[in-house]
Every structure is written in C-alpha cells, then in structure tokens.
Amino acid sequence: MPVVNTQAALDAAIKNAKSGDVILLAPGTYSSITMTGIKPASNITIQSLDTNNKAVVGTVWLTNSSNITLKDFDVVRPTRPTDEFATANRVLSSSNITIDGVHFSGGTGDPSNALGYGLAIRGGTNNKLINSTIDHFVIGLDVRGVDTMLVRGNSFLENRRDHSNFSEMKNVVIDDNRFEGLYPVNDEHPDAIQFMTMGRAYGSSNISITNNVVLQGNGRGTQGFYMQDEVGTMPFKNVTIDNNLIYLSGMYHGINLENTQGAKVTNNTITSITDEKSTWIRIENVSGTVSNNLTDAILMEGTNNVTAQQNIELVKNPAIVRQIADLNKGSKATIAGLMYDNAPFKVGYHTGKNLAGAASQFTKEVAEQLAAPKPAALPRLLLDLSFGAKGVVDASEWSTDETVAPLAASRIKNGMLSVKTGAGMELSRGTSRQLFNLSAFTLNFDMKRDGQTAPAGQIIGIYKSWNIALRADGELTFTMTNDAGVTSTMTTSGAKITDTAVHKIALSYQSEGTSTLYVDGKAVGSATMSGSTRQQEYWGLYVGSPFTAAFSGAVGDVEMRETAFSQAQILALNAGGTVSQPATAAETLKAMVAKGVADTAATLAGSTAWGGAMASPATLSLVSAFGTTGTSVSPLATALANASASGSRYTSTSPFSMLTTPRLAALDLYHG
Numbered sequence: 005m006p007v008v009n010t011q012a013a014l015d016a017a018i019k020n021a022k023s024g025d026v027i028l029l030a031p032g033t034y035s036s037i038t039m040t041g042i043k044p045a046s047n048i049t050i051q052s053l054d055t056n057n058k059a060v061v062g063t064v065w066l067t068n069s070s071n072i073t074l075k076d077f078d079v080v081r082p083t084r085p086t087d088e089f090a091t092a093n094r095v096l097s098s099s100n101i102t103i104d105g106v107h108f109s110g111g112t113g114d115p116s117n118a119l120g121y122g123l124a125i126r127g128g129t130n131n132k133l134i135n136s137t138i139d140h141f142v143i144g145l146d147v148r149g150v151d152t153m154l155v156r157g158n159s160f161l162e163n164r165r166d167h168s169n170f171s172e173m174k175n176v177v178i179d180d181n182r183f184e185g186l187y188p189v190n191d192e193h194p195d196a197i198q199f200m201t202m203g204r205a206y207g208s209s210n211i212s213i214t215n216n217v218v219l220q221g222n223g224r225g226t227q228g229f230y231m232q233d234e235v236g237t238m239p240f241k242n243v244t245i246d247n248n249l250i251y252l253s254g255m256y257h258g259i260n261l262e263n264t265q266g267a268k269v270t271n272n273t274i275t276s277i278t279d280e281k282s283t284w285i286r287i288e289n290v291s292g293t294v295s296n297n298l299t300d301a302i303l304m305e306g307t308n309n310v311t312a313q314q315n316i317e318l319v320k321n322p323a324i325v326r327q328i329a330d331l332n333k334g335s336k337a338t339i340a341g342l343m344y345d346n347a348p349f350k351v352g353y354h355t356g357k358n359l360a361g362a363a364s365q366f367t368k369e370v371a372e373q374l375a376a377p378k379p380a381a382l383p384r385l386l387l388d389l390s391f392g393a394k395g396v397v398d399a400s401e402w403s404t405d406e407t408v409a410p411l412a413a414s415r416i417k418n419g420m421l422s423v424k425t426g427a428g429m430e431l432s433r434g435t436s437r438q439l440f441n442l443s444a445f446t447l448n449f450d451m452k453r454d455g456q457t458a459p460a461g462q463i464i465g466i467y468k469s470w471n472i473a474l475r476a477d478g479e480l481t482f483t484m485t486n487d488a489g490v491t492s493t494m495t496t497s498g499a500k501i502t503d504t505a506v507h508k509i510a511l512s513y514q515s516e517g518t519s520t521l522y523v524d525g526k527a528v529g530s531a532t533m534s535g536s537t538r539q540q541e542y543w544g545l546y547v548g549s550p551f552t553a554a555f556s557g558a559v560g561d562v563e564m565r566e567t568a569f570s571q572a573q574i575l576a577l578n579a580g581g582t583v584s585q586p587a588t589a590a591e592t593l594k595a596m597v598a599k600g601v602a603d604t605a606a607t608l609a610g611s612t613a614w615g616g617a618m619a620s621p622a623t624l625s626l627v628s629a630f631g632t633t634g635t636s637v638s639p640l641a642t643a644l645a646n647a648s649a650s651g652s653r654y655t656s657t658s659p660f661s662m663l664t665t666p667r668l669a670a671l672d673l674y675h676g
C-alpha cells in the first residue's frame, strides 16, 4: 500500500495503480484526485492514512473510469467560483464508483452566499455515495442518467437551494440520509430531494426514498421531496416513499408527487410549526397507495387512482397535535420529539433499520434523546395571550397570535383589550389547532365591565363550540356544544359582576367530572358536562363575539391549559405562583403568603379540592415552601402544625415574620 505525501506522488500512484491497490494519503493538502480512463479489473482505493487527521483534497474529477473507491478524506474547494452553476467535483461516465466517508465542502460562512454544485454524477452504473457529507453549495448533489445508484447514510447540511437533484434515473435508492438547513434567496425553490423531467429525455423509474430525516435546522426554509414531471408526458414509475421524517417551517410541500405510476407513500411523518403554513402530502395524477402517514394534510388533485387509508391529518386531529412534544421547537426540535407514539398500530416515522437491514444512522441519536433527563412536568399552556405595545402576543410554545383582522393599537390600554359588540378579536384557526377537541382544559382571563350597567353578552369563545358570557345581572354562563352535538349550559350563582373592577375568571372543564366556573378564586357555578370540545371547523377563538352581542368592557391575560385545574391550582395561579401538575398545597400556600392573600386561605378552608395532591393538608411541610434549608422548621410551620394537631388556634408571644394576627388566623384555619 503506497503512502503518498505530495501531489506528484499521488498522480504517479494513480497512474501506476493495479487491481486491489490501496493508495494512502498522508496528512496534508492535495490539489486534486484526477482519474481518466482508469479501469482496473478489481477495485482501487484512495483513502486517508490517518482518519483522525484526514487529507484535504481540492477537487475530485473522475472520467470514464470504473472500480474506484474514494474514502475518508475532505474535499474543500480552494477558490470561490464566480459562476453559481460551476461544478466543484465530477464523476462522468463512470461505473462501480464508491464514495465513502468523504466530506465535500464549499467553504464556510452564510450558506445563502454559496455558489456552485458540490458533486455532479453523470451516467454510468452501480455508483454509491455513502456515509459522506455535502455542505455550502447552491446544490449539494446533482445526479443524472445513472442506472443503479445508492445514496445512503449521508448528511446534506447548510446548502443554499437544493440538497439533491435527480433526473433520468433507473433503480435509485436514497436511504437513511439527513437533510438539514437550506438558505434559499429570492424566489428559489428549496428541496431536500428533487426529481425532474424538464430538459430530459425520459422520467425516472424504480425509485426508493426511505428512512430519511429532513429538518428545518437554522435554515430559511426547505421543502421535502418534490417530484414533478414538468414535461407532462414522462411519468415517474414505481416510486416508494416510506418511513421518512420531514419537519418544516413556512413551506407547503412535504411530499409533492405528480404524474406517477405505481406509487407507495407509506409510514411518513410530515409536520410543521403550527403558526406557519401547513405542510402536506400532495398527490396529482398518481396511481398507488397512500397509507399510514402522519401529516398536516393530504391533498388529492387531478385524476388519481389511489388507495388512501389509516392516515392521520393533523388539521383534523388537534388531540394528536398536542401529543407531538417538539412540534413548535424549530431548530431545537429533536427527532424523538417529533415522533408520534401511536401503539398499537404504526403510523408515521420510526427509527430502526435502514433498507439494508443495518441500524439506521439515527437509532443512537434517538435513543439518547429519549434517555435524556426531562424537565419537571407542568400543566401545558395552550395559549398565553397578553396585550401591550406590541399588540397581541402569545408567549406559549404555540405562538398563536395571528389574528384574522388587524388589531388597532388604540383598543389596548393597561394590558387589556377593549371589547364591545362589533369590536372583538379572532385568532386564526389555521394557526391555533391546539385549542380544539379538548376533553379537559382550564381557561383563565381577566375582565372588567365598562360600567355597572354596561351591555352584557359574550366575553370569549369559539363560535358553535363554546363560550363564556356575562348576563345583565352580573352572573356568568358557560355554554358548550360537544363533539357529539350535545349542548349544555352552566350558570353561576353569586358571581355578581356588577362593578367596574378587574376580576379573575377561570373555567375548569373536565369531560368526566364536574366543571366549575370561578370568579376571583371562588367557585360560583358547577355542572356535570360531558364530551370533548368540537374539532377545528371554520372559526377561531374570539375575544368578544363574532355575530351576537358582546359584553362591553376589557379582557386581558388570557391563558388556556390542557388540564382541568382544581380550586387550589386556580388560587395559586391567581396569586402569581407556578403551578405543578397537580399543585401541591405547599406551592399554593407559598404563593398565598407571598402575596398576603389571607382571604384566599379562608376561601380554601371550606374546600377539599386539592386535586389529589395530598392525603392530608395537616401533613404539610413548609420547609421548601418558604425557602428554608437543612432540617430546621420555621416558626410558621410549627405554629400551623400545632394548630392542626390541637384543633385550636396556636398562641405565641414570638413574632412570626410579617404575619399579623388576622392573617395567622386565616392560615390557621386553612391548615386545620
């Protein structure tokens, strides 16, 4: 095995190479690997001597050659081209070429400034690109006219327009690759994988696209797999697209398949950030099968002969939207966090083995993600609206603050939105899927009337699904039509909102139990109601009323969670505390004492609504609640514990922090 360390020595070794030779590149820089008419009877390999200190080559140029393996070195373009269509590396009319573990790079810096094609392969048979990386080019890989091509285990990263293009292909396998981060400029059409017919003699056939992952990354935008017969008379034939994960932001095409005969589109997960464009599977003039996919939507256009079954469309399934943990994390999304655990039947992408039966390149990555420590579970916020100088802002992970109509700044004052009949605010339903089809939820918001006799009417709701309204006598109603079409109404007794103060309203809905309305932490109405809220239809969440009378006043700090809160949790929420799932008594009491809310404690005295958090409030320890350390117990904790044990008020001559006698009495009552 000759070891070379200069360009001249490399050229000589290539010229004199015989079947079975391995040419080792010593660490260093070489201008090129150029091979023309090299056709040994068996394989010649060129590879780095030290894989921990790889050789760097300026360009690779193979022409009319065969039985060549290039392995484990870097190819870095030495100068920046002036033409964006310049090709950095080429394999022309060559067969049995294997490129394994090679890193092709167009440089560094902003990928939107990238120029040139990374690797072009033209003609030949039985060629392979495996375990390699291509980055910082206009188009990473461009392949045309190859019969039997394998593209497996590669990473296409930080390219500009397309990661890979294919045309006039026969028997091509694109398996177990990562595509991440495209940076298109102007009106460029960015795709991870694109098949085309424009300017070609025939369409591609026997195409397998399997086990790939397409991620948004930090890029400007990307699409998934785009297969279009631009000519219109060159159909793609025998196309399998199976078990791929595609996660995008701001682009429609997850999979676009046109003029295709014999298609199998199965077991793919295709999703997008919920406040962006929905990403779909689009089928036009196709015959075949579309099944077991999880996607935002499926579009069938033109004339199709397709069997579609057991697909999940997220635009129709808000409950599943809420189960995909990383759906709105953008560049921070993990593969594990985008997978849908849907036992007992399989729908969508799952890691495992590649098409060759070996472990996928993503198997270890996903296992590590699943094993990573998870933050403490909190009730998941579905909506967290505030009103201020920036208009309406949703601080939840869903970023649902796109409104159907512009919101005038003059309608926002002191953190609240002015509402009256004919003047409300509707959130776009297309970017608020998470708010529909809920079997349990808590909605809380601030509201105030414009006057003691100001008009009553709807405060907030989703048309034909549910609403909370204020009556003229100051009572509230909650009306809901569930997913089975059954309408129920709850009316409060004792709300008495007839003043102009700001009140904290909360609705805790539980389809399998009692639902309750609260005003300023006090339960003022309850009813047994059943069923989930309706699926996403034509209307979004509306503050005010879209068609009927609205109350005249203001609404602020609108929050919605996918859990039915207990009274203790709502009290803690009103007091500004952080609520766990379920809220512990210590958390509730900590928030109350920090705010000096003695009357809230008194309210709790007559309630046992602890959400199952404690077997007995009398066992409460306030060490962590008040931030004390070690094993010491604060005087307050001792006082409350003694009061609970004796059943009477504890008497002490020592001062207890800033608590006055009335407040201690209230806490005494709360704990006893």
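Position in the sequence shown counted from 1, then plus 4, gives you the numbering used here. Even glycine gets a Cβ: it sits at the ideal position worked out from N, Cα and C.
Spatial neighbours of residue i in its chain, beta-carbon cut-off 8 Å, leaving aside the 5 residues before and after
i, result
"N3", "Since the displayed the chain opens at 5 and closes at 676, residue 3 lies outside it and no answer follows."
"Y206", "E172 and M238"
"D76", "Q51, S52, T55, K58, D104, G105 and V106"
"T214", "V177, I178, D179, D180, T244, I245, D246, N247, N248, N358 and L359"
Residue span of the beta strand (DSSP E) that contains residue i, given as start and end
i, result
"I48", "I48 to S52"
"L442", "Segment: none, L442 is in no beta strand (DSSP E) and carries neither H nor E."
"N131", "T129 to I134"
"A267", "H257 to T270"
"N315", "Taken as a continuous stretch (DSSP letters only), N315 belongs to no beta strand (DSSP E), as it is neither H nor E."
"L575", "From DSSP, L575 is part of no beta strand (DSSP E) but of the alpha helix (DSSP H) over Q571 to N578."
"H107", "H107 to S109"
"N431", "Asn is not the amino acid found at residue 431; the sequence shown has Leu there. Segment: none, L431 is in no beta strand (DSSP E) and carries neither H nor E."
"H507", "H507 to Q514"
"T273", "T273 to S276"
"Y121", "Y121 to R126"
"S159", "S159 to N163"
"G185", "R182 to L186"
"Q462", "G461 to I466"
Extent of the continuous alpha helix (DSSP H) to which residue i belongs
i, result
"E372", "T367 to A375"
"K320", "No alpha helix (DSSP H) holds K320; DSSP gives it neither H nor E."
"I339", "I339 to L342"
"N20", "Q11 to N20"
"N93", "First-last for N93: undefined, no H or E at that position."
Cutoff 6 Å; reference residue i; Cβ partners in own chain excluding five residues on either side
i, result
"T633", "A caution first: T633 carries a pLDDT of 40, below 50, which makes its placement in the model too unreliable to give a value."
"T10", "none"
"S625", "With a pLDDT of only 34 at S625, under 50, the local geometry of the prediction cannot be trusted, and no value is derived from it."
"S652", "Bear in mind that the predicted position of S652 carries a pLDDT of just 38, short of 50, making it unreliable; the figure below should be weighed with that in mind. The answer is none, since no qualifying residue turns up."
"L219", "E184 and Y251"
"V235", "T201"
"A340", "V370, Q373 and L374"
"R699", "The chain is shown from 5 up to 676; residue 699 falls before or after that span and cannot be answered."
Buried or exposed by the 16-neighbour rule on C-beta atoms within 10 Å, applied to residue i
i, result
"A476", "exposed"
"Q327", "exposed"
"A460", "buried"
"V490", "exposed"
"H167", "buried"
"H140", "buried"
"S364", "buried"
"S549", "buried"
"M5", "exposed"
"S87", "The question names Ser, but residue 87 is Asp in the sequence shown. Looking at its Cβ environment, which holds fewer than 16 other Cβ atoms inside 10 Å, D87 is exposed."
"N20", "exposed"
"R165", "buried"
"K424", "buried"
"K526", "buried"
"N697", "The chain is shown from 5 up to 676; residue 697 falls before or after that span and cannot be answered."
For residue j and residue i, believed in contact at Cβ under 8 Å, the rounded distance
i, j, result
"S69", "I42", "4 Å"
"Y187", "R224", "5 Å"
"F445", "Y513", "5 Å"
"T493", "T502", "No, T493 and T502 are not in contact; Cβ-Cβ is about 21 Å, not under 8 Å."
Own chain residues within Cβ distance below 7 Å of residue i, not counting five before or after
i, result
"S534", "N486 and S515"
- Query: Taking three-plus beta-carbon pairs below 8 Å as touching, is the stretch 406 to 415 in contact with the stretch 438 to 447?
  - Reply: no
- the stretch 489 to 499 touching the stretch 415 to 434, judged by at least three CB pairs closer than 8 Å: no
- Message: Between the stretch 261 to 278 and the stretch 295 to 311, can you find at least three pairs of beta-carbon atoms closer than 8 Å?
- Response: yes
- Is there contact between the stretch 125 to 132 and the stretch 94 to 107, where contact requires at least three CB pairs shorter than 8 Å? yes
- Query: Counting pairs of Cβ atoms below 8 Å between the stretch 468 to 488 and the stretch 500 to 520, do you hit three or more?
  - Reply: yes
- Below 8 Å, can you find three or more Cβ-Cβ pairs linking the stretch 209 to 227 to the stretch 249 to 265? yes
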